[in-house]
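Q: One structure is given below, represented as structure tokens, and several questions about it will come after.
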Amino acid sequence: MKALITGITGQDGSYLAEHLLGLGYEVHGLVRRVALEDPTRRFNRIEHFLERVTLHAASLESYPSLFSVLTKVSFDECYHLAAQSFVAESFADGFSTMNTNINGTHYMLAALPEIQPQCRFYFAGSSEMFGKVSETPQKENTPFHPRSPYGISKVAGLDLTRNYREAYGMFCVSGILFNHESPRRGFEFVTRKITSTVARIKLGLASELRLGNLEAKRDWGHAADYVKAMHLMLQQPSPDDYVVATGETHTVREFAEAAFSTVGLDYRDHVKVDEQFYRPAEVDLLTGDAAKARRVLGWKQEHEFYQLVQEMVESDLAATTQRNSESRMHISSGA
Ligand code: NAP
Ligand code: G4F
105 MKALITGITG
115 QDGSYLAEHL
125 LGLGYEVHGL
135 VRRVALEDPT
145 RRFNRIEHFL
155 ERVTLHAASL
165 ESYPSLFSVL
175 TKVSFDECYH
185 LAAQSFVAES
195 FADGFSTMNT
205 NINGTHYMLA
215 ALPEIQPQCR
225 FYFAGSSEMF
235 GKVSETPQKE
245 NTPFHPRSPY
255 GISKVAGLDL
265 TRNYREAYGM
275 FCVSGILFNH
285 ESPRRGFEFV
295 TRKITSTVAR
305 IKLGLASELR
315 LGNLEAKRDW
325 GHAADYVKAM
335 HLMLQQPSPD
345 DYVVATGETH
355 TVREFAEAAF
365 STVGLDYRDH
375 VKVDEQFYRP
385 AEVDLLTGDA
395 AKARRVLGWK
405 QEHEFYQLVQ
415 EMVESDLAAT
425 TQRNSESRMH
435 ISSGA
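Here this note's numbering is used: the first residue of the sequence shown is 105, the next is one more, and so on.
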């Protein structure tokens with residue numbers, strides 16, 4: 105089996121590639137040209153299996169570059185994960201988020217029926233699409249009410265994916281994935297911002313953590329569990345869309361409390377609320393109902409919330425300790 109992963113350098117792309125390699129797949133990844141030019145920094149999540157995958161340079165902004173990759177190899181499956189994925193950035197620059205996320209998805213879908221109609225397609229939909237939720241928990245048929253340009257771009261991506269399924273009979277599915285985290289999460293997302301700062305505070309390298317809305321509630325799972333659901337969706341006899349979630353919700357405050365207490369600290373001594381991290385429109389509450397994914401796909405989550413928090417804090421503590429001792433050695437050697 106040959107799979108193409110767009111966004112292979114991201115959190116999910118790296119876990120998915122590992123999972124597919126473990127299943128015996130030939131894995132190809134789409135990366136930006138700049139990443140190939142700066143592998144030490146940009147391939148940090150995939151460097152441990154770089155020699156086992158084939159990378160192709162392309163950009164979501166360029167139809168010819170995507171078309172060209174799709175003409176090179178006949179893929180059985182395509183996991184379209186690449187996107188501008190940071191919600192706050194989508195308020196700062198909604199136009200480029202829309203351009204990358206909507207057109208990028210459209211370009212991928214438009215190229216497939218012509219070149220690779222047999223290729224099964226996964227689109228990375230998001231619980232951010234539910235936005236101002238009309239019911240709890242949210243499931244596949246809960247109406248969307250996106251509250252950010254990012255959320256709007258994902259609703260458009262899901263609609264495009266469904267339309268290619270219905271119009272051209274292609275095997276196209278969308279996963280509606282709730283927040284999923286890991287030690288590979290980007291540093292700007294709230295969970296990693298918390299765990300990386302907890303590590304710095306514990307080691308005496310920082311004293312405070314500035315956050316926005318502490319009362320927002322999220323359904324946080326582990327990325328390693330969620331990429332398995334993506335794969336299962338493409339193994340079904342017919343294409344369909346699925347919610348993937350834990351069904352458990354926690355506030356940002358609870359995440360911070362758990363992360364600080366992992367290292368014996370009280371979050372109230374360090375967390376400061378800072379208006380600059382509030383969003384113009386907030387998604388207050390997300391909790392998913394993954395009953396369909398469990399029933400049809402046989403998917404199950406293997407990590408629970410406090411385990412996830414602990415894994416992230418411990419990983420950041422180990423990495424920060426190592427970086428800190430390397431820089432001390434650097435200074436004492438006079439280099
Ligand atoms: P991520 O860590 O931010 O990774 C995003 C990936 O997209 C990176 O590999 C990035 O490449 C690539 N990318 C961005 N813009 C690109 C462009 N113009 N051309 C080519 N590649 C581009 O995101 P993630 O957490 O792994 O999420 C994967 C997907 O799932 C995203 O579509 C996200 O919106 C969606 N999603 C995520 C969650 C979650 O909680 N993690 C939940 C629901 C849905 P560079 O390394 O070059 O920047
Ligand atoms: O970690 P976040 O930035 O994730 P958000 O906005 O929920 O989006 C993530 O999950 C989506 C799935 O629902 C994905 F589609 C998307 O790609 C991304 O992976 O923020 C979580 C919550 C928000 O309510 C935010 O307002 O944390 C709140 N928050 C409070 N202080 C903060 C901060 N978020 C960030 N990033 N930084 C803060 O200082």
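Even glycine gets a Cβ: it sits at the ideal position worked out from N, Cα and C.
1. Nearest-angstrom Cα distance between leucine 390 and alanine 320?
2. If distances are taken between C-alpha atoms only, which option among Arg137, Thr113, Val294 comes closest to valine 413?
3. Please report the residue range of the alpha helix (DSSP H) in which glutamate 193 lies.
4. Tell me which residues share the same chain as glutamate 292 and place their Cβ nearer than 7 Å to its Cβ, disregarding the 5 neighbours each side in the sequence.
5. Can you grab the Cα-Cα spacing for the pair glutamate 352 / leucine 159, in whole Å?
6. Does the beta-carbon distance from histidine 374 to leucine 313 come in below 8 Å?
7. Could you tell me the boundaries of the beta strand (DSSP E) in which isoleucine 256 lies?
8. Compare the Cα-Cα distances from asparagine 267 to each of Tyr382, Gly316, Asp345 and report the closest residue.
9. Alpha carbon to alpha carbon, how far is alanine 395 from glycine 308?
10. For leucine 401, count neighbouring C-beta atoms within 10 Å of its own C-beta (all shown protein chains included) and say buried if the count is 16 or more, exposed if not.
11. Taking its Cβ as the centre, do 16 or more other Cβ atoms sit within 10 Å of methionine 105, making it buried, or is it exposed?
12. Grab me the residues of lysine 376's own chain with a C-beta within less than 8 Å of its C-beta, minus the 5 sequence neighbours each way, in chain order.
13. Whole angstroms is fine: what's the gap from glycine 279's alpha carbon to arginine 432's?
14. When the distance is taken between beta carbons, is alanine 349 closer than 8 Å to aspartate 393?
15. Taking all protein chains shown into account, decide if glutamate 406 is buried (16 or more other Cβ within 10 angstroms of its Cβ) or exposed.
16. Can you round the beta-carbon distance between alanine 228 and leucine 281 to whole angstroms, since I take them to be within the 8 Å contact cut?
17. Taking 8 Å as the threshold (C-beta atoms), are methionine 337 and valine 277 in contact?
18. According to the neighbour-count rule (16 or more other Cβ atoms, all chains shown, within 10 Å of its Cβ), is glutamine 222 buried or exposed?
19. Indicate the three-state DSSP secondary structure (helix, strand or coil) for leucine 216 in the structure shown.
20. Work out the CA separation of glutamine 115 and glycine 255 for me, nearest whole Å.
21. Sorted by chain position, which residues of the same chain lie with C-beta nearer than 6 Å to tyrosine 452's C-beta, five sequence neighbours on each side aside?
22. Curious, which full-length beta strand (DSSP E) runs of at least 3 residues does the segment 121–167 contain?
23. According to DSSP, is phenylalanine 71 part of a helix, a strand, or is it coil?
24. With DSSP as the reference, label glutamine 340 as helix, strand or coil.
25. If you draw a straight line from the C-alpha of asparagine 203 to the C-alpha of glutamine 188, how long is it?
26. Return the residue from the list Ala121, Leu125, Tyr119, Ala161 that minimises the CA-CA distance to valine 138.
27. Note the first and the last residue of the continuous alpha helix (DSSP H) segment covering serine 300.
A: Answer, in terms of the structure:
1. 9 Å
2. Val294
3. 191–196
4. Phe190
5. 37 Å
6. yes
7. Run containing isoleucine 256: none in the beta strand (DSSP E); it sits in the alpha helix (DSSP H), 253–272.
8. Asp345
9. 44 Å
10. buried
11. exposed
12. Glu312, Leu313, Arg314, Leu315
13. 45 Å
14. yes
15. exposed
16. 7 Å
17. yes
18. exposed
19. helix
20. 19 Å
21. Limits of the chain in this structure are 105 at one end and 439 at the other, which puts residue 452 out of reach.
22. 130–135, 158–161
23. Residue 71 cannot be examined here, being either before or after the span of the chain that is shown, 105 to 439.
24. coil
25. 10 Å
26. Ala161
27. 294–306
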